[in-house]
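Q: There's a structure below that I have some questions on.
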Amino acid sequence: MPARQRPRRSFRGQLAMSRTRVMVLGPGWVAGEHIKGYCRDPRAELVAVVGFRPEDAARCEAYRREFGFAGRYYDNLPQALAESGAQAASVCTINHMHFANAVAAAEAGLHVFCEKPLALTEEQLDTLVETAARRQVVTHVGHVVRWYSAIAALKRKVEAGLFGRLYYGEADYFHQYLGDWKTKAATGGSTWLMGGIHALDLLLHFMGYDAPVAEVYGVWQPAQWRTDFDYETASCAILRFADGRIGKVATDAESNLPYTFRLHLHGTKGGIHQALYHTHDLPPKQWARQEGHYPDDWHVAEHPFPAEISYFLDCIQRGSDSELSFARAAKAYHLLFAIERSARTGRPVKFARN
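Residues in the sequence shown are numbered from 973 upward in steps of one, following the numbering used here.
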């Protein structure tokens, strides 16, 4: 897959030195962390919450009592877009609603933070990228794992050359999903779109997001002990980068393990295992522990959403692109869909080398 150049362009609605008026779509569990992040950031004003289900009004009021915002509740997105005066939107709805909600917000000229997954199909993905570019809005995709303090610190060590050149990497996301919509392809998508995208994005983040991928090979299997899934729950993929390096990612939506996010990297001068690392400066067989918060808890209150929300507001205020804009994040999603095609056909998917 060719390396993608991050776009450098001017965006509509540059809001430097002013409060950004924000709406949150879908007041569910993750949305509560978005609401908290906006309410605690003096650069943001939460002007609207948009619900799509009967219980959403009560959820909005519960969040209003908890965080003290004055924004209005809407049960109609077109009305909210027309009346609220919002300049940015967080899309926190159920997976299959992300596409329509994000397109509507971007078409209305709002900057858009879309929770993962960005899209359920490649056609949706391409439309989102085109819409954001045409409307010249700031966009961001919610791959929150990058904002854990231990992950960010390890990434800085990689960039500083502490481990030499990374030549092999693994990232795994094992988390059992409960709840009706999460187990159905029509609403949740797939095991990769539900959670495996976190592992794939993190592997690319460390191995070099712009490094071309030459080939992917994926395998998967159906649920082994639960009967409520209508998609394959466990999957593994091998990535071969154009420069010969190897990556492996895996995910399991019915895992009986405690929440597990595994990161394992080999470099020419050391490597990383979870929050541990080793370099040639350490005695043999000795690990050093990276201080900070590592992704080891499934509860959203333990995820660094405030830091990610702050970054999104930074991008809006500067009028600059996000490191995970729709266009840039599309690389991981194109690879994800290629992994699924490979698993479906039993054949590797190859990309033209640039």
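Cβ atoms here follow ideal geometry from the backbone N, Cα and C, with glycine treated the same way. The structure presented is a predicted model; accordingly, all values stated were derived computationally and were not measured.
Using a 10 Å radius around the Cβ and a threshold of 16 neighbouring Cβ atoms, would you call K1257 buried or exposed?
A: For the purposes of this step, residue 1257 is taken as residue 285 along the sequence shown, with counting starting at 1. Classification for K1257: exposed.
Q: Relative to the alpha-carbon of L1172, which residue among D1013, A1304, R1234, D1200 has its alpha-carbon at the smallest distance?
A: Position 200 of the sequence shown holds residue 1172. It is A1304 whose Cα lies nearest to the Cα of L1172.
Q: Is the beta carbon of A1279 sitting closer than 8 Å to the one on L1097?
A: As a first step, residue 1279 must be located in the sequence shown, where it is residue number 307. As a first step, residue 1097 must be located in the sequence shown, where it is residue number 125. Cβ distance not < 8 Å, so A1279 and L1097 don't count as in contact.
Q: Could you tell me which uninterrupted alpha helix (DSSP H) segments, each at least 4 residues in length, are contained entirely in the region 1007-1039, listed from first to last along the chain?
A: Correct list: 1028-1039.
Q: Alpha carbon to alpha carbon, how far is P1320 from D1269? Give it in angstroms, no decimals.
A: On the sequence shown, position 297 is the one that residue 1269 refers to. On the sequence shown, position 348 is the one that residue 1320 refers to. When rounded, the distance between both Cα atoms is 33 Å.
Q: Whole angstroms are fine: how far does the CA of L1308 sit from the CA of P1089?
A: Indexing the sequence shown from 1 puts residue 1089 at position 117. Indexing the sequence shown from 1 puts residue 1308 at position 336. Between P1089 and L1308, the C-alpha separation is close to 11 Å.
Q: Please find out if some non-hydrogen atom of the ligand ATP comes closer than 7 Å to the beta-carbon of L1308.
A: The ligand ATP is not part of the structure shown, which contains no ligands of any sort.
Q: Which residue's Cα is closest to the Cα of G1141: F1201, Y1266, G1216?
A: By one-based count along the sequence shown, residue 1141 stands at place 169. Among F1201, Y1266, G1216, the Cα nearest to that of G1141 is on G1216.
Q: Would you decide whether G1264 is buried or exposed? Buried here means 16 or more other CB atoms lie within 10 Å of its CB.
A: As a working note, residue 1264 is residue 292 in the sequence shown. Under this definition G1264 is an exposed residue.
Q: Kindly indicate which three-state DSSP category G1081 falls into: helix, strand or coil?
A: Taking the first residue of the sequence shown as 1, we reach residue 1081 at position 109. Coil at G1081, not helix or strand.
Q: Looking at the secondary structure, which residues open and close the alpha helix (DSSP H) in which Q1289 lies?
A: For the purposes of this step, residue 1289 is identified with residue 317 of the sequence shown, where counting begins at 1. Residues 1277-1290.
Q: Return the chain-ordered list of same chain residues with a C-beta closer than 6 Å to the C-beta of A1003, the five sequence neighbours on each side being excluded.
A: As a working mapping, residue 1003 is identified with position 31 in the sequence shown. Closer than 6 Å at the Cβ level, and outside the excluded window around A1003, lie V996, C1064.
Q: Using a threshold of 8 Å, state whether the C-beta atoms of V1019 and F1277 are closer than that.
A: Residue mapping note: residue 1019 aligns to position 47 of the sequence shown, counting from 1. Residue mapping note: residue 1277 aligns to position 305 of the sequence shown, counting from 1. Contact flag unset, no.
Q: Determine the direct distance from the alpha carbon of E1027 to that of I1244, and round the result to whole angstroms.
A: Sequence index remark: in the sequence shown, residue 1244 carries index 272 (1-based). Sequence index remark: in the sequence shown, residue 1027 carries index 55 (1-based). One C-alpha to the other measures close to 44 Å.
Q: For G1004, name the three-state secondary structure that DSSP assigns.
A: Start at 1 with the first residue of the sequence shown, and residue 1004 comes out as number 32. Looking at G1004 - three-state DSSP - the assignment turns out to be helix.
Q: Could you tell me whether the Cβ atoms of T1111 and S990 are closer together than 8 Å?
A: Indexing the sequence shown from 1 puts residue 1111 at position 139. Indexing the sequence shown from 1 puts residue 990 at position 18. Against a cut-off of 8 Å, the Cβ pair of S990 and T1111 comes out as no contact.
Q: Between which two residues does the alpha helix (DSSP H) containing V1101 stretch?
A: Residue mapping note: residue 1101 aligns to position 129 of the sequence shown, counting from 1. Residues 1094-1107.
Q: Which class does Q1193 belong to by DSSP, given the choice of helix, strand or coil?
A: If you number the sequence shown from 1, residue 1193 lands on position 221. Q1193: strand per DSSP, three-state reduction.
Q: Whole angstroms are fine: how far does the CA of A1143 sit from the CA of T1103?
A: What you label residue 1103 is simply residue 131 of the sequence shown in a count that begins at 1. What you label residue 1143 is simply residue 171 of the sequence shown in a count that begins at 1. Approximately 31 Å between the Cα atoms of the pair.
Q: Give me the DSSP bridge partner(s) of C1086.
A: As a position in the sequence shown, residue 1086 is number 114, starting the count at 1. Partner(s): V1063, V1113.
Q: Between which two residues does the alpha helix (DSSP H) containing F1298 stretch?
A: On the sequence shown, position 326 is the one that residue 1298 refers to. Start and end: 1298-1317.
Q: Helix, strand or coil for K1322? Go by DSSP, reduced to three states.
A: Here residue 1322 refers to the residue found at position 350 of the sequence shown. In this structure, K1322 counts as strand in the three-state DSSP scheme.
Q: Is the CB-CB distance between P1184 and A1214 below 8 Å?
A: Within the sequence shown, the letter at position 212 stands for residue 1184. Within the sequence shown, the letter at position 242 stands for residue 1214. Yes, the pair counts as a contact, with Cβ atoms nearer than the cut-off.
Q: With DSSP collapsed to three states, give me the class of E1142.
A: Reading the sequence shown from its first residue, position 170 is the one you call residue 1142. Looking at E1142 - three-state DSSP - the assignment turns out to be strand.
Q: Please classify D1293 as buried or exposed, where buried requires at least 16 other C-beta atoms within 10 Å of its C-beta.
A: Here the question's residue 1293 lines up with position 321 in the sequence shown. By the 10 Å Cβ count, D1293 comes out buried.
Q: Going by C-alpha to C-alpha distance, which of T1223, W1259, L1176, K1220 sits closest to R1300?
A: Position 328 of the sequence shown holds residue 1300. Ranking T1223, W1259, L1176, K1220 by Cα distance to R1300 puts L1176 first.
Q: How would you write the range of the beta strand (DSSP E) that V1130 sits in, first residue to last?
A: Against the sequence shown, residue 1130 aligns to sequence position 158. No beta strand (DSSP E) contains V1130, which is instead part of the alpha helix (DSSP H) from 1121-1131.
Q: Compute the beta-carbon to beta-carbon distance between A1058 and V994, rounded to the nearest angstrom, for a pair I have assumed lies under 8 Å.
A: Taking the first residue of the sequence shown as position 1, residue 1058 is located at position 86. Taking the first residue of the sequence shown as position 1, residue 994 is located at position 22. Sure, about 6 Å apart at Cβ, within 8 Å.
Q: Go ahead and pull the three-state DSSP assignment for K1241.
A: Locating residue 1241 in the sequence shown gives position 269, counting from the first residue. Of the three classes helix, strand and coil, the one that applies to K1241 here is coil, per DSSP.
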